[in-house]
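J.: Have a look at this one.
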Amino acid sequence: MSDQNEWVVPCRDLAGRKRKLTVFSSNEQVVVVAPPGETAVLGPLEVGRFRAALRDAVVHLAEHDPDEANDPA
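Listed below in structure tokens is the structure:
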């Protein structure tokens, strides 16, 4: 089990400059931070990384949810 709660996904903007998407989990939510004022352009590999980051953030939330540990169901 990892305590990592932030993932970075490389991408490009519409002008082709390198940018990044940041995904993190905070207070029972998944947060995506995009390049400020830019559009994130994702190729197939980056889409896979973005999907994995979203999945990992949700798993991190589930692993660190104190209510879930006490849930008898």
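11 is the number that our numbering gives to position 31 of the sequence shown; each next residue is one higher, with no gaps.
Quick reminder that beta carbons are idealized off the backbone N, C-alpha and C, glycines included.
1. Please report the residue range of the beta strand (DSSP E) in which Pro24 lies.
2. Would you call Leu1 buried or exposed, if buried means 16 or more other Cβ atoms sit within 10 Å of its Cβ?
3. Tell me whether Pro(-10) sits in a helix, a strand or coil according to DSSP, three-state version.
4. Just to confirm my understanding: we take Pro15, look at its own chain, exclude 5 residues before and 5 after, and list those with CB closer than 8 Å. What are they?
5. Identify the continuous beta strand (DSSP E) that holds Val11 and give its terminal residues.
6. Check for me: the beta strand (DSSP E) holding Lys(-1) runs from which residue to which?
T.: This is what the structure holds:
1. First-last for Pro24: 24 to 43, but that is the alpha helix (DSSP H), not the beta strand (DSSP E).
2. By the 10 Å Cβ count, Leu1 comes out buried.
3. Strand.
4. Contacts found: Cys(-9), Asp(-7), Arg(-1), Lys0, Leu1.
5. Where Val11 is concerned, the enclosing beta strand (DSSP E) stretches over 9 to 13.
6. For the record, residue -1 in the displayed sequence is Arg; it is not Lys. Per DSSP, Arg(-1) belongs to the beta strand (DSSP E) from -2 to 6.
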